[in-house]
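Residue numbers (our numbering): 886 to 980. Scroll down for the structure; my scribbles are underneath it.
What follows is the structure, given as structure tokens:
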């Protein structure tokens, strides 16, 4: 877990090959999530499948933008879900 320049959290993970990846912007993960969703093409209807939860910044933005959509999140690492509950922005979102 790292604190970003905006005071929010980002997550660093070690991949199977030993490389370290940061899952969110080290500057402003909320602005990054907004930019990602801005570039996203979805009409807000139907089911949206999201691969990867991270700390949930993109999920929060998707829920706000597409309140009628059914959103299914697939996260392969249970530990990330636990960290997202503790440090992320997913509180208040349906489980």
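Virtual Cβ for every residue (Gly too), placed ideally from N, Cα, C.
Taking only three categories from DSSP, how would you classify residue 947? Correct three-state label for residue 947: helix.
Less than 6 angstroms between C-beta atoms, sequence neighbours within five positions excluded: which residues of the same chain meet that for residue 918? Hits under 6 angstroms: 942, 943 and 946.
Report back the beta-carbon spacing between residue 932 and residue 955 to the nearest angstrom; my notes put them in contact at under 8 angstroms. With 8 angstroms as the limit, residue 932 and residue 955 qualify as a contact, their Cβ atoms being about 5 angstroms apart.
Measure the C-alpha to C-alpha separation of residue 981 and residue 928 and round it to an integer number of angstroms. Residue 981 falls outside the range modelled here, since the chain spans only 886 to 980, and no answer is possible.
Looking at residue 962 and the ligand NAD, is the gap between the Cβ and the nearest heavy atom below 7 angstroms? As far as ligands go, the structure on display features none, and thus does not contain the ligand NAD.
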